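The sequence shown finishes on residue 105 if you use my numbering, and the numbering steps up by one all the way, no holes. Inspection log for the structure reproduced underneath, given as structure tokens.
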Amino acid sequence: MDAAVGRHHEVQQSAYLYPTSGASDDYAFSRHFSDPSLSKIHGFTVEFGFGNEEVDCPFYPTAQQYHDNMLETNAGFMEYLLAASEIGVAEDDIQNYHKS
Numbered sequence: 006m007d008a009a010v011g012r013h014h015e016v017q018q019s020a021y022l023y024p025t026s027g028a029s030d031d032y033a034f035s036r037h038f039s040d041p042s043l044s045k046i047h048g049f050t051v052e053f054g055f056g057n058e059e060v061d062c063p064f065y066p067t068a069q070q071y072h073d074n075m076l077e078t079n080a081g082f083m084e085y086l087l088a089a090s091e092i093g094v095a096e097d098d099i100q101n102y103h104k105s
């Protein structure tokens, strides 16, 4: 991701960004604890971007920031998917899905 537009991104738990008590991906992953017959859902939360001084909320990027963010995050997503495929993440879940 860093090579896409030359910026460094920090990988960390969302709890280190600001106070939080979980997100939808946490809920989805935990469903197999209450019903072990359900497959695990592997997910993550992505927050990206840098402050935009032109608007009240820094989560609204400029057009250029948005474009750069797409280049960076899509490069990271592709690496993630290739690595997951290579090690077989969720392979059993996919096979079980096709049987149902």
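From the three backbone atoms N, C-alpha and C, an ideal C-beta is built for every residue, glycine too. Since we're looking at a predicted model, the values are computed, not measured.
Give every residue of the same chain whose Cβ lies closer than 8 Å to the Cβ of residue i, excluding the five residues on either side of it in the sequence, and list them in chain order.
{"i": "D30", "result": "I46, G48, F49 and T50"}
{"i": "R36", "result": "L43 and I46"}
{"i": "A8", "result": "A80"}
According to DSSP, is residue i part of a helix, a strand, or is it coil?
{"i": "T14", "result": "Contrary to the premise, residue 14 reads as His rather than Thr in this sequence. Here H14 sits in coil by DSSP."}
{"i": "S35", "result": "helix"}
{"i": "G93", "result": "coil"}
{"i": "D73", "result": "helix"}
{"i": "Y21", "result": "helix"}
{"i": "Y85", "result": "helix"}
{"i": "A9", "result": "helix"}
Distance check for residue j and residue i, CA to CA, integer angstroms please.
{"i": "Q69", "j": "H14", "result": "17 Å"}
{"i": "H72", "j": "S39", "result": "40 Å"}
{"i": "S44", "j": "G93", "result": "14 Å"}
{"i": "V83", "j": "S90", "result": "Correcting the residue identity first, residue 83 is Met in this sequence and not Val. Each residue's alpha carbon lies about 11 Å from the other."}
Would residue i pass as a contact of residue j if the rule is Cβ separation under 8 Å?
{"i": "Y10", "j": "E77", "result": "Residue 10 is actually Val in this sequence, not Tyr. Yes."}
{"i": "N74", "j": "P66", "result": "yes"}
Suppose the cutoff is 6 Å on Cβ atoms and the five residues either side in sequence are ignored; what does the same chain contact list for residue i look like?
{"i": "F34", "result": "I46"}
Less than 8 Å between CB atoms is the rule here; does residue i satisfy it with respect to chain D?
{"i": "Y71", "result": "Here chain D cannot be found, since the structure has a single protein chain."}
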